[in-house]
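Each residue of the sequence shown is one higher than the one before, counting from 150 in my numbering.
Beta carbons are placed, not taken as given, at the ideal position from N, Cα and C, and that holds for glycine.
Written out below as structure tokens is the structure these notes cover.
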Amino acid sequence: MLLLDRAAHRGYLNPARLGVAETLDLLTPEGEHRHFAVEDVRGIYFVREFADGYEPERKTFLSRPKLDGLWVRLKFRDEETIEGVVPNDLLSLLDRGVQITPPDLHGNTLKIFIPRSALAEMTVLGVVGIARRKPAAAPAAQPGLFAE
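In structure tokens:
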């Protein structure tokens with residue numbers, strides 16, 4: 150977890166409580182419970198392992214992402230930006246934050262939850278993975294009722 154003042158805290162939290170509670174309960178590796186207000190949080194990084202490098206090495210995609218969803222650019226209140234992919238579900242975007250898949254898929258960070266209070270703006274750069282529809286077949290000619 151990274152706070153707005155750039156202080157990092159390691160630990161475990163219940164991801165089901167994200168976007169629901171006003172405070173987050175973090176269980177540290179030492180077994181202590183620490184509580185943080187959501188408006189003080191810059192981002193919650195879900196990582197493979199607790200290592201020093203929790204922030205993604207790349208903050209933007211090198212080309213169009215291959216993941217299905219909305220390709221977005223998030224701008225923090227301090228003008229820093231990061232790109233990611235969010236599910237193409239408008240109901241999930243109406244929550245108290247957004248959960249993105251970062252550009253560096255092979256890095257230590259799997260997902261990042263960013264509360265709305267940490268963001269200045271969110272821009273959709275593209276929609277990825279829309280199924281192409283086949284053109285509708287031409288309707289069959291209607292037989293005449295009184296054809297001879």
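Have a look at Ser241, Gly202, Glu229 and flag the residue whose alpha-carbon is nearest the alpha-carbon of Leu153. Glu229
Determine the DSSP secondary structure at Asp174, reduced to helix, strand or coil. strand
Sequence-distant residues of the same chain with beta carbon closer than 8 Å to Glu171, five excluded per side: Counting only residues of its own chain and dropping the five nearest sequence neighbours on each side, Glu171 has a CB closer than 8 Å to the CB of Ala186, Val187.
Give the range of the beta strand (DSSP E) segment to which Leu239 is assigned. Unbroken run through Leu239 is the alpha helix (DSSP H), 239–242; no beta strand (DSSP E).
Spatial distance of His255 from Leu216 (CA atoms): 13 Å
Whole-angstrom distance between Arg191 and Ala156, CA atom to CA atom: Whole-angstrom Cα-Cα distance: 10 Å.
Relative to the C-alpha of Tyr203, which residue among Thr209, Tyr194, Leu211 is closest? Tyr194
Kindly give me the distance between the Cβ atoms of Ala267 and Phe225, rounded to whole angstroms, as I take these residues to be in contact under 8 Å. 6 Å
Straight-line Cα distance separating Gly160 from His182: 9 Å
Spatial neighbours of Val273 within its chain, please: C-beta separation below 6 Å, excluding the five flanking residues on both sides. Leu219, Val221
Identify every residue that forms a DSSP beta bridge with Arg222. In the DSSP output, where bridge partners are listed per residue, Arg222 has Glu232, Thr272.
When you compare the CB positions of Pro251 and Ile231, do they come within less than 9 Å of one another, or not? yes
Applying the criterion that 16 or more other CB atoms from any shown protein chain within 10 Å of the CB defines a buried residue, is Leu162 buried or exposed? buried
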